[in-house]
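Protein chains: 2
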Amino acid sequence: MSLSAATLARPDAGARPLDPLALRAAFSQFPQGIVVVAAEIDGTPEGLVASTFTVGVSLEPPLVTFAVQHTSNTWPRLRDDASHLGVSVIGADQDGLCRQIASKDRAGRFSGVEYTADDDGALVLHHTPLWLKTRVYHQFTAGDHDLVVLEVLNLGVDQQRAGLVFHQSAFKSLPANEA
Amino acid sequence: MSLSAATLARPDAGARPLDPLALRAAFSQFPQGIVVVAAEIDGTPEGLVASTFTVGVSLEPPLVTFAVQHTSNTWPRLRDDASHLGVSVIGADQDGLCRQIASKDRAGRFSGVEYTADDDGALVLHHTPLWLKTRVYHQFTAGDHDLVVLEVLNLGVDQQRAGLVFHQSAFKSLPANEA
């Protein structure tokens, strides 16, 4: 996995299939922020961690996207049983929280976690750089994932908090701007 | 723009329209990597800078996405006149390059820039953490942007190079992992 740009010019470039493991390693070269997409359903918090989130997909209306694997057990519950979804951008000091909510132990995901859910069920974590209240705007199948477009209905920011970035298979913290 | 999470619980939350300027400021709280999407068309390099790129939207097939404003003059040329597109992830030390290619002076965007274009026209920059050779897989309208899904056909990585992140309206460099 150390192909130079010159490889691109090879006539056979693109002919061989890309191995998923190699792909994953390559994709980790692209720095990505991390979010928790969550809702309270029948009084129980449900949420998933996504590293495929993008803001600014549209400003009018305000749209954001994330992708989720077809194998996700949580996404069908969120999609089908929640009218609104909270999106919480994980902050620089929240990597432990991120690991907890990403865990396979669904019952323990929100144990001890500070969050607020509104009357519509949208659930956001506390102490994050940015949270959004959203609802599903569009969803379509993209290979082995669903690509979900969310419309932003409300939001809150805390500019003193910086984001966490997943990069080269490691969590990296970004400094907040000087006040 | 310093709403606390408690704002979410207000009954009127979500009722007021979100101002595009405030939205942009809020979205800047989410750290995003930056790419150049480019092709050589009739011997001339054409490209645009996108801060709405996401990898890992699917692994089988390998899909990535980016969003581009309807007002872009460059995207219609790339979409209509290029069969394949190169995607170059901007590295930690390439913020100047990023600004140059984002400039309104189209003729000068690639002046002095080191790049390689293959026989299919896919154009990638040199010295980047990651480049991808892609073709358009799907495109759909998402508000005031087009959301473009690209299929990855080939790629190259340089793990010694770290990515550049746009965060809180500033370029921030990530450290590369220790070798």
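Those sequence lines, one after another, are chains A and B.
Sequential numbering from 40 applies to the first sequence in this note's numbering.
Sequential numbering from 40 applies to the second sequence in this note's numbering.
By construction, the Cβ of each residue, glycine as well, lies at the ideal position given by its N, Cα and C atoms.
According to DSSP, what are the bridge partners of residue i?
i, result
"A/L87", "A/V76"
"B/Q108", "B/H184"
"B/S127", "B/V75, B/W170"
"A/A209", "A/H206"
"A/L102", "A/S97, A/E190"
Is the beta carbon of residue j closer than 8 Å to that of residue i?
i, j, result
"A/G182", "B/S90", "no"
"A/V204", "B/L213", "yes"
"A/L88", "B/L57", "The displayed chain sequence assigns Val, not Leu, to residue 88 of chain A. For A/V88 and B/L57, no; Cβs fall outside 8 Å."
"A/V76", "A/L136", "no"
"B/T155", "B/R200", "no"
"B/D157", "B/K143", "no"
"B/E85", "B/T104", "no"
"A/Q139", "A/R145", "no"
"B/Q219", "A/Q207", "Since the displayed chain B opens at 40 and closes at 218, residue 219 of chain B lies outside it and no answer follows."
"B/H123", "B/R63", "no"
"A/G160", "A/I80", "yes"
"A/G130", "B/Q71", "no"
"B/L102", "B/Y176", "yes"
"B/D134", "B/F210", "yes"
"B/L194", "A/A65", "yes"
Assuming residue i and residue j form a contact by the criterion Cβ under 8 Å, report the distance between their Cβ atoms to the nearest whole angstrom.
i, j, result
"B/F69", "A/V187", "About 16 Å; that fails the 8 Å criterion."
"B/A78", "B/A121", "3 Å"
"B/G125", "B/L162", "4 Å"
"A/H165", "A/Q108", "With 8 Å as the limit, A/H165 and A/Q108 do not qualify as a contact, their Cβ atoms being about 27 Å apart."
"B/T93", "A/T93", "5 Å"
Segments assigned alpha helix (DSSP H), at least 4 residues, entirely inside the segment 134 to 205 of chain B: 134 to 140
Interfacial residues, the segment 105 to 128 of chain B to chain A, with Cβ spacing under 7 Å: A106, V128
Positions along the segment 62 to 73 of chain A whose CB lies within less than 8 Å of some CB in chain B: L62, R63, A64, A65, F66, Q68, F69, P70, Q71, G72
Against chain A: residues of the segment 178 to 190 of chain B by CB proximity under 8 Å: F179, A181, G182, D183, H184, L186, V188
Chain B contacts made by the segment 84 to 101 of chain A, where a contact means CB separation under 9 Å: S90, T91, F92, T93, V94, G95, V96, S97, L98, E99, P100, P101
Interface positions of the segment 131 to 148 of chain B facing chain A (Cβ-Cβ less than 8 Å), listed along the chain: none
Contact list for the segment 203 to 217 of chain A against chain B, Cβ threshold 9 Å: L203, V204, H206, Q207, S208, A209, K211, L213, P214, A215, N216
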